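All the letters of the sequence shown, read from the start, carry residue numbers 1 to 205 under UniProt numbering. Note that beta-carbon positions come from the ideal geometry of N, C-alpha and C, so glycine has one too. These figures come from a predicted structure and were not determined experimentally. Shown next, in C-alpha cells, is the structure this report addresses.
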Amino acid sequence: MEFSSKLLEKAVNEMSQLPGVGKRTALRLVLHMLRQPKEQTAGLTEAIQAMRNNVKFCQSCHNISDNILCEICSSHNRNTEIVCVVEDIKDVMAIENTSSFKGLYHVLGGKISPMDGIGPHDLNIESLVKKVKDGKVKELIFALSSTMEGDTTNFYVFKQIQDYDVVTSTIARGISVGDELEYADEITLGRSIVNRIPFESSLKL
Ligand SMILES: [Zn+2]
Numbered sequence: 001m002e003f004s005s006k007l008l009e010k011a012v013n014e015m016s017q018l019p020g021v022g023k024r025t026a027l028r029l030v031l032h033m034l035r036q037p038k039e040q041t042a043g044l045t046e047a048i049q050a051m052r053n054n055v056k057f058c059q060s061c062h063n064i065s066d067n068i069l070c071e072i073c074s075s076h077n078r079n080t081e082i083v084c085v086v087e088d089i090k091d092v093m094a095i096e097n098t099s100s101f102k103g104l105y106h107v108l109g110g111k112i113s114p115m116d117g118i119g120p121h122d123l124n125i126e127s128l129v130k131k132v133k134d135g136k137v138k139e140l141i142f143a144l145s146s147t148m149e150g151d152t153t154n155f156y157v158f159k160q161i162q163d164y165d166v167v168t169s170t171i172a173r174g175i176s177v178g179d180e181l182e183y184a185d186e187i188t189l190g191r192s193i194v195n196r197i198p199f200e201s202s203l204k205l
C-alpha cells in the first residue's frame with residue numbers, strides 16, 4: 001500500500017494491529033476519522049487512553065473493574081458461596097447477559113495450554129484454590145470452553161480442590177464441543193448453567 005503521507009501510513013499501521021482489522025479496513029477507518037470533527041477523534045483516543053491507564057482488575061475475581069472490587073463482587077444481591085470459573089472477561093459478560101446466574105465469578109485469565117507455553121502458574125488458579133481452602137466457597141461451577149485445553153484446566157483445578165468440602169459442577173453442554181462460550185446464545189448458555197451437572201460425571205473415563 002502506497003501512502004502519500006507518513007502520518008496516514010503510521011495511523012493505518014497502528015490500526016491494522018488490532019485483531020480482525022486488515023490494512024484495507026484500517027485505511028477505511030482512518031479516512032473516516034479524517035472526515036470527522038477533531039473533537040470526535042479526541043473523544044475516542046481519550047477514552048482508549050483512560051481505559052488503558054486506569055482500568056483495574058478486581059482483587060477477588062480478576063474481572064475488569066473501576067474499583068478494587070468489581071460491581072459483582074461488591075454487590076449484596078449475589079450468592080457468594082457459588083463461584084463460576086471462567087477463562088476470561090468476555091465469558092463473565094456472556095453469562096451475565098443470561099441473567100441466570102446470581103453467584104460470583106473467578107476469571108482464570110486463560111486456560112492451560114502447553115503448546116502456547118501457558119502453565120497453571122500463568123493463570124489465576126492459586127487465588128481460586130485459596131478461596132476454596134478458606135471455606136468461602138460451597139460450589140464451584142466450571143464454565144470453560146469444552147476444548148482439550150479447557151478440559152485440562154478444569155481437571156487441574158479439580159485436582160487441587162477435590163479434598164476440600166466443595167461441590168464441583170460443570171455447565172451442561174447444549175453447546176457442542178469446541179464452541180467458545182461467548183458464542184453460545186443466551187438461552188442455551190443460561191440453561192446450561194441452570195442444568196449444570198456434577199463435575200465427576202463429565203469426566204471421560
Ligand atoms: Zn470481582
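How is the beta strand (DSSP E) around F155 delimited, first residue to last?
Premise fails: F155 lies in the alpha helix (DSSP H), M148 to I161, not in any beta strand (DSSP E).
By Cβ distance below 8 Å, which residues in the same chain neighbour Q162 in space, the five residues on each side in sequence not counted?
T168
As assigned by DSSP and simplified to three states, the class of N79:
Note: N79 maps to strand in three-state DSSP.
Can you give me the start and stop residues for the beta strand (DSSP E) that S141 sits inside?
Ser is not the amino acid found at residue 141; the sequence shown has Ile there. Residues E139 to F142.
For N79, which residues from the same chain have a beta carbon less than 8 Å from its beta carbon, with the 5 sequence-adjacent residues on both sides left out?
K102, G103 and L104
In angstroms, rounded to a whole number, what distance separates the CA positions of H121 and V107?
14 Å
How big is the Cα-Cα spacing for N195 and S74?
Going from the Cα of N195 to the Cα of S74 covers about 26 Å.
Buried or exposed for T45, going by 16 or more other Cβ atoms inside 10 Å?
Per the 10 Å Cβ criterion, exposed.
Do K90 and T153 have their C-beta atoms closer together than 8 Å?
Between K90 and T153, the C-beta spacing is not below 8 Å.
Distance between beta carbons of T98 and E186, contact taken as under 8 Å:
In this structure E186 is in contact with T98, their Cβ atoms being roughly 5 Å apart against a cut-off of 8 Å.
Run through the DSSP bridge pairs and tell me what V107 is partnered with.
In the DSSP output, where bridge partners are listed per residue, V107 has V86.
Cutting at 7 Å between CB atoms, please list the residues of its own chain near L69, excluding the five before and the five after it.
C58, Q59 and S60
Other residues of its chain near L197: CB distance less than 7 Å, five sequence neighbours each side excluded:
Reading the sequence as shown, one finds Ile at residue 197 and not Leu. Only S169, T170 and A172 meet the Cβ criterion.
Can you look up K38 in the DSSP assignment and give me helix, strand or coil?
helix
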